[in-house]
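Below: the structure, in structure tokens.
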Amino acid sequence: MIDIHSHVLPGIDDGSKSMSMSLEILQGLEEQGITDLICTPHYIAESCQVSPRSENEKILKKLQEKAYKKGLKIKLYLGNEIYIDKDILKLLRSKKISPLGKNKYLLVELPMSGEFQQYDDILLNLKQKGWNVILAHPERYHSFQKNYKKITELYQQGILLQCNLGSFIGQYGRHAKKTAQKIAKDKLIFCVGTDIHRPRDYNEIAKAQKKLRKYYAFHELDAILVQNPFKIVQ
Numbered sequence: 458m459i460d461i462h463s464h465v466l467p468g469i470d471d472g473s474k475s476m477s478m479s480l481e482i483l484q485g486l487e488e489q490g491i492t493d494l495i496c497t498p499h500y501i502a503e504s505c506q507v508s509p510r511s512e513n514e515k516i517l518k519k520l521q522e523k524a525y526k527k528g529l530k531i532k533l534y535l536g537n538e539i540y541i542d543k544d545i546l547k548l549l550r551s552k553k554i555s556p557l558g559k560n561k562y563l564l565v566e567l568p569m570s571g572e573f574q575q576y577d578d579i580l581l582n583l584k585q586k587g588w589n590v591i592l593a594h595p596e597r598y599h600s601f602q603k604n605y606k607k608i609t610e611l612y613q614q615g616i617l618l619q620c621n622l623g624s625f626i627g628q629y630g631r632h633a634k635k636t637a638q639k640i641a642k643d644k645l646i647f648c649v650g651t652d653i654h655r656p657r658d659y660n661e662i663a664k665a666q667k668k669l670r671k672y673y674a675f676h677e678l679d680a681i682l683v684q685n686p687f688k689i690v691q
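When the letters of the sequence shown are read in order and numbered with the working numbering, they come out as residues 458 to 691.
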């Protein structure tokens, strides 16, 4: 599996707190069959979570060196989970935020609550400018849980959907689980991610993948676990 959504870079956001914690997470993920991982720290303008790309690159290099010395083979890439903002294009041009890997994919997050209408123009404008917009965990947004049609509308407009594996085993509550199941049933998922923030029971990854087999044939599951994410990191 290639994981495109994680909070493994230490000391940047609400994810890993230390280099040792990051290495523990990486070892657990590797043991569960994850071969490639995109580190996507939050970037939330006008908050404390605004570590710039240049700093993130330095931390990533240190983590890669430590992981290599520890004997880990998992490949690491840099990105951001970008909180929706009208200045995303400006932030990209100034290299304050990172696309996923080196390709034109962006992982964008919305507010967990609140209505969506004020944000759809930003997502579609990014797409019109040539970016492949991946919406992080749509199943978790309260407005989408109440109005599933919003998810299908975005999908039809070319917005890609990334669901969290944990949603399929109830990690984020029953509403997120129900919405994730419906997204899977409708075959709308482009890829999945762990959205991992700290060490935990890594067997949850296998459990969630097993749940996905209810909705996807083997080749379809391979697409959302490996092939589609590979398009991002290749």
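Beta carbons are placed, not taken as given, at the ideal position from N, Cα and C, and that holds for glycine.
Runs of the alpha helix (DSSP H) lying entirely within the segment 591–636, each at least 4 residues long, are 599–603 and 606–613 in chain order. Following the DSSP letters along the chain, one finds K532 inside the beta strand (DSSP E) bounded by residues K532 to L535.
Setting aside the 5 residues that flank it on each side, Q506 is surrounded in the same chain by D470 and H499, each with a C-beta closer than 6 Å to its C-beta; the list follows chain order. Collapsing the DSSP output to three states places S479 in a helix. Residues of the same chain with a CB within less than 6 Å of the CB of Y540, apart from the 5 flanking positions on each side, are I501 and E566 in chain order. Taken through DSSP and simplified to helix, strand or coil, S511 comes out as helix. When the beta-carbon positions are compared, Y576 and R597 stay at least 7 Å from each other. Taking all protein chains shown into account, A593 has 16 or more neighbouring C-beta atoms within 10 Å of its C-beta and is therefore buried. Taking the Cβ atoms as the reference, H462 lies roughly 18 Å from D679, outside the contact range of under 8 Å. By a beta-carbon distance limit of 8 Å, K543 contacts I579. Their separation comes to about 6 Å. Under the DSSP assignment, D577 falls in the alpha helix (DSSP H) whose first and last residues are D577 to Q585. Nearest to M458 by alpha-carbon distance, out of Y673, Y672 and Q666, is Q666.
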